[in-house]
Amino acid sequence: MASTVYDAIQDFISAGRLSESEAADLLSRYSSKVQEQLICAMYLGNAHLDYTELKERGDNYIGYTDHIPQSDYAKKIYEKNTNVPRYLEKALECARNSEFDLTRL
């Protein structure tokens, strides 16, 4: 099992287009906490596509996606599909430029 959200981010960037069942299989490699952090990073990246830094302090994004049940994570990844790598890359960029550690999500 991969240990951090950074491992999961790299795996999902590399994976490219996934079916919902493929997304579920890949998610199953990670703890529920890392899965939650990954989904949060995905949404954070989507919200920051036109930015190079986080719009708010990094701590404000902790729990950013608490409203999404874990049972819907694979579906959300499938729905965002080809945009997932872009969102995750943007989350990495903005977090790095803001000196925010995504493991805190």
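Here the sequence shown stands for residues 8 to 112, where the numbers follow the working numbering. Cβ atoms here follow ideal geometry from the backbone N, Cα and C, with glycine treated the same way.
A contact between stretches requires three or more CB pairs, one per stretch, nearer than 8 Å, and the stretch 48-62 meets this requirement with the stretch 77-94. For S39, the enclosing alpha helix (DSSP H) has its first and last residue at 39-54. Burial check for I69: the Cβ neighbour count within 10 Å stays below 16, so the residue is exposed.
Look at P92 here: in three-state DSSP terms it is helix.
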